[in-house]
Amino acid sequence: AVHQIALARRHERPLSVLMIDLDRFKRINDTRGHPAGDLVLKAMASAGQCILRRSDIFARLGGEEFAVLLPETDEERAIVIAERLRQAVAKARFEHDWADQGPIPFTISIGIAPCFKEDAAVEYALKRADLALYGAKQDGRNRVKVWSRMPEAEASGELPDGEVRQAS
1066 AVHQIALARR HERPLSVLMI DLDRFKRIND TRGHPAGDLV LKAMASAGQC
1116 ILRRSDIFAR LGGEEFAVLL PETDEERAIV IAERLRQAVA KARFEHDWAD
1166 QGPIPFTISI GIAPCFKEDA AVEYALKRAD LALYGAKQDG RNRVKVWSRM
1216 PEAEASGELP DGEVRQAS
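The numbering of the sequence shown is this note's numbering, which starts it at 1066 and goes up by one.
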């Protein structure tokens, strides 16, 4: 990740970050059991491998949180990738063998943020993406939200003032 950020900064190339949270994951673990939760985590990893590019960095941060670093990806393209991932997960249905409880549906919420050349570390972009993710969760889950720099902040060069908005 550090290498990708350095490259993007050096060559003034776009770089975006996704923060992903499995919606109501605790409920899956509580009602279906931890083996079902493990299946959901594996399904999420599989969806990431299918949708994301080889150059993207996909990582589980812990629990039900994942992050994706998208090199050479501006906001518009990041929205497309995030929506494809969200839709693929929402369509996934699978059953586990050890209980006759039917399929395990699950969804994800995603926050998107750019990495700015002013960012000292990827954590700054992750924090902005996390704010966008929080907005997605607050608005009902199973959606993509984008952190955008406020126009006043853009003009003044201030950072990190911004707003969270629905991905279009």
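From the three backbone atoms N, C-alpha and C, an ideal C-beta is built for every residue, glycine too.
Predicted, not measured: the structure shown is a model, and the values here were computed from it.
* Any idea which residues DSSP pairs S1174 with across the strands? -> If you number the sequence shown from 1, residue 1174 lands on position 109. Partner(s): D1086.
* the region 1073-1080 in contact with the region 1091-1111 per 3-pair CB rule at 8 Å -> no
* Measure from the alpha carbon of G1128 to the alpha carbon of each residue in D1139, R1151, E1140 and N1094, then state which is nearest. => Start at 1 with the first residue of the sequence shown, and residue 1128 comes out as number 63. It is N1094.
* What's the gap between the Cα of A1185 and the Cα of P1179? -> As a working mapping, residue 1185 is identified with position 120 in the sequence shown. As a working mapping, residue 1179 is identified with position 114 in the sequence shown. Answer to the nearest angstrom: the Cα atoms are 13 Å apart.
* To do: Could you pull the start and end residues of the alpha helix (DSSP H) that L1104 belongs to?
  => Here residue 1104 corresponds to residue number 39 of the sequence shown, with the count starting at 1. Unbroken alpha helix (DSSP H) run through L1104: H1099 to I1116.
* Would you mind sorting T1096 into buried or exposed? The rule is 16 or more other CB atoms within 10 Å of its CB. => Position 31 of the sequence shown, counted from the start, is the residue given in the question as residue 1096. Its Cβ having fewer than 16 others within 10 Å, T1096 is exposed.
* Asked: Is I1070 buried or exposed, if buried means 16 or more other CB atoms sit within 10 Å of its CB?
  -> Indexing the sequence shown from 1 puts residue 1070 at position 5. Buried, since its Cβ has 16 or more Cβ neighbours within 10 Å.
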